[in-house]
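Okay, so the sequence shown: first residue is 1 according to full-length UniProt numbering, each after it adds one. What follows is a short report on a single structure.
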Amino acid sequence: MSETVQKGDKVVLCGANAYEQKYYFNPDFSGIPQSVQEELHIICVLFTAEVGGIFTIVFEPDGTLAFETDAAEDDLLYDEISSGLLVGEIRRNRQELLESLRLYYRVFILKEDMSALLEEED
1 MSETVQKGDK
11 VVLCGANAYE
21 QKYYFNPDFS
31 GIPQSVQEEL
41 HIICVLFTAE
51 VGGIFTIVFE
61 PDGTLAFETD
71 AAEDDLLYDE
81 ISSGLLVGEI
91 RRNRQELLES
101 LRLYYRVFIL
111 KEDMSALLEE
121 ED
């Protein structure tokens with residue numbers, strides 16, 4: 001993990017920008033399996049293709065995942081309602097993936113004890 005990231009900071013995992021038609025994946029997470037990286041790429045790009053704006057997946061300081069959406073003030077095509085609905089759909093349909101990413105972050109980045117995390121799950 002990058003030395004510039006301090007405990008207590010949000011950390012961007014990945015994101016897509018409809019305005020620049022670009023995708024970003026944080027290289028600090030290159031240890032995540034390629035298939036998961038590809039799935040994240042698809043989620044982000046499809047989100048911005050459908051809703052517009054900028055979509056990022058970030059880790060909160062406690063290791064939970066958050067979805068952040070943003071749009072330019074003058075973007076009349078950005079659909080805020082669809083944005084909220086799509087975030088909910090991603091959370092429901094990709095629950096297992098999101099939980100795996102949360103555990104990955106807490107174990108490999110925050111260096112939390114894996115056995116304690118598994119007990120938390122029970």
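Beta carbons are placed, not taken as given, at the ideal position from N, Cα and C, and that holds for glycine.
Using C-beta distances below 6 Å, list every residue in its chain close to E112, excluding the 5 sequence neighbours before and after it, in chain order. Residue numbering aside, residue 112 sits at position 112 when the sequence shown is read from its first letter. Around E112: R106.
Mind checking V66: buried by the 16 CB within 10 Å criterion, or exposed? In the sequence shown, counting from the first residue as 1, residue 66 sits at position 66. First, the residue type needs correcting, since residue 66 is Ala and not Val in the sequence shown. Classification for A66: exposed.
Over the uninterrupted beta strand (DSSP E) stretch that includes L65, give me the two end residues. For the purposes of this step, residue 65 is taken as residue 65 along the sequence shown, with counting starting at 1. Note, L65: beta strand (DSSP E), 65-70.
Among S30, G52, P33, E99, which residue has its Cα nearest to the Cα of L86? Here residue 86 refers to the residue found at position 86 when the sequence shown is read from its first residue. Out of S30, G52, P33, E99, G52 has the C-alpha closest to the C-alpha of L86.
Determine the DSSP secondary structure at I43, reduced to helix, strand or coil. In the sequence shown, residue 43 corresponds to position 43, counting from 1. It is helical.
Got a sec, what are the start and stop residues for the beta strand (DSSP E) residue 169 sits in? In the structure displayed, the chain extends from 1 to 122; residue 169 sits before or after that span and is not available.
Local Cβ density within 10 Å of residue 124, reported as buried at 16 or more and exposed below that: Any answer about residue 124 is impossible in this case: the structure gives the chain only from 1 up to 122.
Local conformation of Y104 per DSSP, three classes: Counted from its first residue, the sequence shown places residue 104 at position 104. In the three-state scheme derived from DSSP, where H, G and I count as helix and E and B as strand, Y104 is classed as helix.
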